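Protein chains: 2
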Amino acid sequence: MIDLDRRGVILAGGGILAAATMGPAVWAAPQRKLGYAIVGLGSYGLGVIIPQFKNCRDSRLVALVSGDAAKARRVAAEYSVPERNLYDYKNFDSIRDNPDIDIVYVCLPVSMHAEYTIRAAQAGKHVLCEKPMALSSAECEAMIAACAKAGRKLMIGYRCHFEPTNLEAIRRARAGEIGKLRYFRSEHGFVQGNANGWRLRKAMSGGGSLMDMGIYALQAARYMTGEEPIAVYATERTDRSDPRFREVEDMIAFDLEFPSGVLASCMSMYSANQNHILLMGDKGRIELEPGTGYAGNRLWVGQGRGNEITPPPGPGATQWAGQLDHLAQCVLTNRTPIVPGEEGLRDLRIIEAIYQSAREGRRIALRA
Amino acid sequence: MIDLDRRGVILAGGGILAAATMGPAVWAAPQRKLGYAIVGLGSYGLGVIIPQFKNCRDSRLVALVSGDAAKARRVAAEYSVPERNLYDYKNFDSIRDNPDIDIVYVCLPVSMHAEYTIRAAQAGKHVLCEKPMALSSAECEAMIAACAKAGRKLMIGYRCHFEPTNLEAIRRARAGEIGKLRYFRSEHGFVQGNANGWRLRKAMSGGGSLMDMGIYALQAARYMTGEEPIAVYATERTDRSDPRFREVEDMIAFDLEFPSGVLASCMSMYSANQNHILLMGDKGRIELEPGTGYAGNRLWVGQGRGNEITPPPGPGATQWAGQLDHLAQCVLTNRTPIVPGEEGLRDLRIIEAIYQSAREGRRIALRA
Numbered sequence: 004m005i006d007l008d009r010r011g012v013i014l015a016g017g018g019i020l021a022a023a024t025m026g027p028a029v030w031a032a033p034q035r036k037l038g039y040a041i042v043g044l045g046s047y048g049l050g051v052i053i054p055q056f057k058n059c060r061d062s063r064l065v066a067l068v069s070g071d072a073a074k075a076r077r078v079a080a081e082y083s084v085p086e087r088n089l090y091d092y093k094n095f096d097s098i099r100d101n102p103d104i105d106i107v108y109v110c111l112p113v114s115m116h117a118e119y120t121i122r123a124a125q126a127g128k129h130v131l132c133e134k135p136m137a138l139s140s141a142e143c144e145a146m147i148a149a150c151a152k153a154g155r156k157l158m159i160g161y162r163c164h165f166e167p168t169n170l171e172a173i174r175r176a177r178a179g180e181i182g183k184l185r186y187f188r189s190e191h192g193f194v195q196g197n198a199n200g201w202r203l204r205k206a207m208s209g210g211g212s213l214m215d216m217g218i219y220a221l222q223a224a225r226y227m228t229g230e231e232p233i234a235v236y237a238t239e240r241t242d243r244s245d246p247r248f249r250e251v252e253d254m255i256a257f258d259l260e261f262p263s264g265v266l267a268s269c270m271s272m273y274s275a276n277q278n279h280i281l282l283m284g285d286k287g288r289i290e291l292e293p294g295t296g297y298a299g300n301r302l303w304v305g306q307g308r309g310n311e312i313t314p315p316p317g318p319g320a321t322q323w324a325g326q327l328d329h330l331a332q333c334v335l336t337n338r339t340p341i342v343p344g345e346e347g348l349r350d351l352r353i354i355e356a357i358y359q360s361a362r363e364g365r366r367i368a369l370r371a
Numbered sequence: 004m005i006d007l008d009r010r011g012v013i014l015a016g017g018g019i020l021a022a023a024t025m026g027p028a029v030w031a032a033p034q035r036k037l038g039y040a041i042v043g044l045g046s047y048g049l050g051v052i053i054p055q056f057k058n059c060r061d062s063r064l065v066a067l068v069s070g071d072a073a074k075a076r077r078v079a080a081e082y083s084v085p086e087r088n089l090y091d092y093k094n095f096d097s098i099r100d101n102p103d104i105d106i107v108y109v110c111l112p113v114s115m116h117a118e119y120t121i122r123a124a125q126a127g128k129h130v131l132c133e134k135p136m137a138l139s140s141a142e143c144e145a146m147i148a149a150c151a152k153a154g155r156k157l158m159i160g161y162r163c164h165f166e167p168t169n170l171e172a173i174r175r176a177r178a179g180e181i182g183k184l185r186y187f188r189s190e191h192g193f194v195q196g197n198a199n200g201w202r203l204r205k206a207m208s209g210g211g212s213l214m215d216m217g218i219y220a221l222q223a224a225r226y227m228t229g230e231e232p233i234a235v236y237a238t239e240r241t242d243r244s245d246p247r248f249r250e251v252e253d254m255i256a257f258d259l260e261f262p263s264g265v266l267a268s269c270m271s272m273y274s275a276n277q278n279h280i281l282l283m284g285d286k287g288r289i290e291l292e293p294g295t296g297y298a299g300n301r302l303w304v305g306q307g308r309g310n311e312i313t314p315p316p317g318p319g320a321t322q323w324a325g326q327l328d329h330l331a332q333c334v335l336t337n338r339t340p341i342v343p344g345e346e347g348l349r350d351l352r353i354i355e356a357i358y359q360s361a362r363e364g365r366r367i368a369l370r371a
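Structure (structure tokens):
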């Protein structure tokens, strides 16, 4: 009942499913749309995710979890969520008794990811958790264990695996269009203006630009090359007199060494706007700018920017619809998501090594 | 008799003269064009430099030094160099008796730079030496000492200091057009096709892509920021089974830390074509691509590539004419070139630290 198209599941060196498209034609029509509960009505959950259900084929919004009852009622009214399906953080565990809810999407500050993923799994629900997966690899391991014990799926919100420009870049890189891949580079950053947001509170975010933006560069280095890094070196530069950066880093540069010989040079920052991915091979280059934006991503293949590519459509009407429906499809067909908890764990282990390298000023070898 | 225009001499942190323009209006008309002897009729000396004298105001080609007498005679005939001004490597020292020759331009393989610079100075001639200045910082020091002892000028062939696109980028960066500078990045490389050329023989080149191409990224990091790096970390990746890379490196990535907090991420390679410079500030970016080409360099300032800038003319009709005439002018007015031997020495010291870092897998602090 399932097949993979030509952009289908790509098994990378470490067994990562780097990018998958499950085409509509080859899926059995699901009996019903799976029900999502959105946990956290912040800018991402409310502003980005909730409006996406109208683009979904296999997913629907059925419940909201928020500490702000008035806000939850307002959103529920707008999106036709029945009042009985509104929860707060105290009664959250009672979702176990609500058969409308199949999947819990955790859109909370990073510090709350582990708790709500584990509680959701214990309540018998599948989980989609935003990235970064958690504050630490230890938390990630606990989340994976809880979902495994409960027999529930766990997927991380790596939306770029469902984004057409990235999928097309991966396809062309793997097809050898730029020859032997030699070098990867990505910068991700923006000028962080919200000095009071949770992302600048280390206890809630786990770190600065690396946890929020650099993770896109790290992910892209891995899914574009299809390899796992064997070592990392990082340098952090932060103006600690800047009130935004009392607790978390501004800039962190990290270089990754890959087994094939590819070098990746990545930059993460909260003090400049940049969103760029470049792959260089001995026969040309693949460039994305912006590379991982919500919209407007652009792709060039060849030498320089002479040849702009319009990618074919991705698996969903939008990258978010593709993501939401992918987990719904995995639940319906009992398959492992292409970006499971293990994928978030891998990133957190590398992120921990990046921070360690920056702290100690030395190259850190990574476990295979 | 000399003044500096608005793009004039910029004294950087370490006292480097990063870029100077000595406008024609403010120079006294020289009494005569200074005479250059070109040492080495390889692709650069013969193919690039010699044709440039027609664009010069203060410089003329007067002599040739080559081990190939027939070739020298042919070139001499084409460029009206008198036969009496042809030398080989044995009788080179007799240039001391030739008043036509004011300046010796050393366009030889790197391994010969020190010897011919020192012999030229001992023969009483000023010297323009191609980059990289020498095989080692020790050689650079000997070259500087020899020229100082002889009371002769020594300049290194850093043509980008006379290239309009780079000068305009420097001017705009220093003028604060992109706010506070946070990040610099440059990649320089090409697919090295000449497996038999001297650049792949370590004894002649001193190293691989770093000595030939990465030095542009290093130079640009220094002249764009106007700072001296305080530490370096480097990673080398070379396929030693590739017959081109038996002796020298293919790829080497190096990160530089600057005192202001700027991070520079540089890449040098012999296995991919790239020529790119990017400066990121908290208010925008300056991008050059190609950045250091012989021609066709392009410049964008602002956010993304929306705003392409056409730079004002540089100090010479071409970057090479500007370079040749600059040393002639320095000789005529007894000034120090903006890229003196000390500038080449600084790069060699950093290059040595880059190689050491790559060898030892650790961050190397640089002497102030």
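Note that the protein sequences, when read in sequence, are chains A and B. The opening residue of the first sequence carries number 4 in the numbering used here; numbering runs sequentially from there. The opening residue of the second sequence carries number 4 in the numbering used here; numbering runs sequentially from there. Where a beta carbon is used, it is the ideal one built from N, C-alpha and C, also for glycine. Being a predicted model, the structure only gives us computed values, none of them experimental.
In angstroms, rounded to a whole number, what distance separates the CA positions of residue i and residue j?
i	j	result
Ser46 (chain B)	Gly217 (chain A)	43 angstroms
Ile353 (chain A)	Gly50 (chain B)	49 angstroms
Arg9 (chain B)	Asn278 (chain A)	Because the pLDDT at Arg9 (chain B) is just 31, under 50, the model does not fix this residue reliably, and the value given afterwards should be weighed accordingly. Approximately 34 angstroms between the Cα atoms of the pair.
Phe248 (chain B)	Gly364 (chain B)	20 angstroms
Ser114 (chain B)	Gly210 (chain B)	10 angstroms
Leu37 (chain B)	Ser62 (chain B)	5 angstroms
Tyr1 (chain A)	Tyr358 (chain B)	Absent from the structure is residue 1 (chain A), since the part of chain A shown begins at 4 and ends at 371.
Arg370 (chain B)	Pro262 (chain B)	12 angstroms
Val265 (chain B)	Glu355 (chain B)	21 angstroms
His129 (chain A)	Glu292 (chain A)	34 angstroms
Leu14 (chain A)	Ala148 (chain B)	Because the pLDDT of Leu14 (chain A) is 32, which lies under 50, any placement of that residue in the model is unreliable, and the number read from its coordinates should be weighed accordingly. For Leu14 (chain A) and Ala148 (chain B), the distance between alpha carbons rounds to 60 angstroms.
Arg288 (chain A)	Phe257 (chain B)	20 angstroms
Gln322 (chain A)	Lys57 (chain B)	59 angstroms
Arg185 (chain A)	Ile280 (chain A)	14 angstroms
Asp100 (chain A)	Arg155 (chain A)	16 angstroms
Met25 (chain B)	Gly48 (chain B)	Because the pLDDT of Met25 (chain B) is 43, which lies under 50, any placement of that residue in the model is unreliable, and the question is left without a value.
Gln55 (chain B)	Leu327 (chain B)	9 angstroms
Ser274 (chain B)	Arg243 (chain B)	13 angstroms
Lys205 (chain B)	Ile181 (chain B)	41 angstroms
Glu290 (chain B)	Ser189 (chain A)	15 angstroms
Pro33 (chain A)	Thr339 (chain A)	Note that Pro33 (chain A) scores 49 on pLDDT, short of 50, meaning its location in the model is unreliable; the coordinates nonetheless yield the value given after this. When rounded, the distance between both Cα atoms is 17 angstroms.
State yes or no: is the C-beta of residue i within less than 8 angstroms of the C-beta of residue j?
i	j	result
Pro112 (chain A)	Ser208 (chain A)	yes
Leu325 (chain B)	Met136 (chain B)	The question names Leu, yet the displayed sequence has Gly at residue 325 (chain B). No. Outside cutoff.
Ile52 (chain A)	Tyr108 (chain A)	yes
Thr238 (chain A)	Ala368 (chain A)	no
Leu330 (chain A)	Ile106 (chain A)	yes
Thr295 (chain A)	Cys110 (chain A)	no
Asn276 (chain A)	Val194 (chain A)	yes
Ile255 (chain B)	Ser271 (chain B)	yes
Glu171 (chain B)	Ile41 (chain B)	no
Leu89 (chain B)	Leu67 (chain B)	yes
Tyr92 (chain A)	Lys134 (chain A)	no
Phe187 (chain B)	Thr228 (chain B)	yes
Phe215 (chain A)	Arg225 (chain A)	Going by the sequence as given, residue 215 (chain A) is Asp instead of Phe. The answer is no: Cβ separation not under 8 angstroms.
Pro85 (chain B)	Gly317 (chain B)	no
Just reading off the beta strand (DSSP E) that residue i is part of, what are its end residues?
i	result
Gly309 (chain A)	Neither: Gly309 (chain A) is in no beta strand (DSSP E) and is coded neither H nor E.
Ala3 (chain B)	Residue 3 (chain B) is absent from the model: chain B starts at 4 and stops at 371.
Tyr39 (chain A)	37 to 42
Ala275 (chain A)	Unbroken run through Ala275 (chain A): none, as it is neither H nor E.
Leu67 (chain B)	62 to 68
Which residue comes first and which comes last in the alpha helix (DSSP H) that contains residue i?
i	result
Arg372 (chain A)	In this structure chain A extends from 4 to 371, so residue 372 (chain A) is not present and cannot be described.
Three-pair Cβ contact test at 8 angstroms for the segment 295 to 315 of chain B versus the segment 161 to 175 of chain B: yes
Inside the segment 101 to 189 of chain A only - alpha helix (DSSP H) runs reaching at least 4 residues: 116 to 125, 140 to 153, 167 to 177
Any beta strand (DSSP E) of 3 or more consecutive residues that is wholly inside the segment 187 to 248 of chain B: Qualifying beta strand (DSSP E) stretches, in chain order: 234 to 240.
Cβ contact (3+ pairs, closer than 8 angstroms) linking the segment 72 to 89 of chain B and the segment 335 to 345 of chain B: Too few Cβ pairs lie closer than 8 angstroms, so no.
Segments of 3+ residues assigned as beta strand (DSSP E) that fall wholly inside the segment 277 to 362 of chain B: 277 to 284, 287 to 291, 302 to 305
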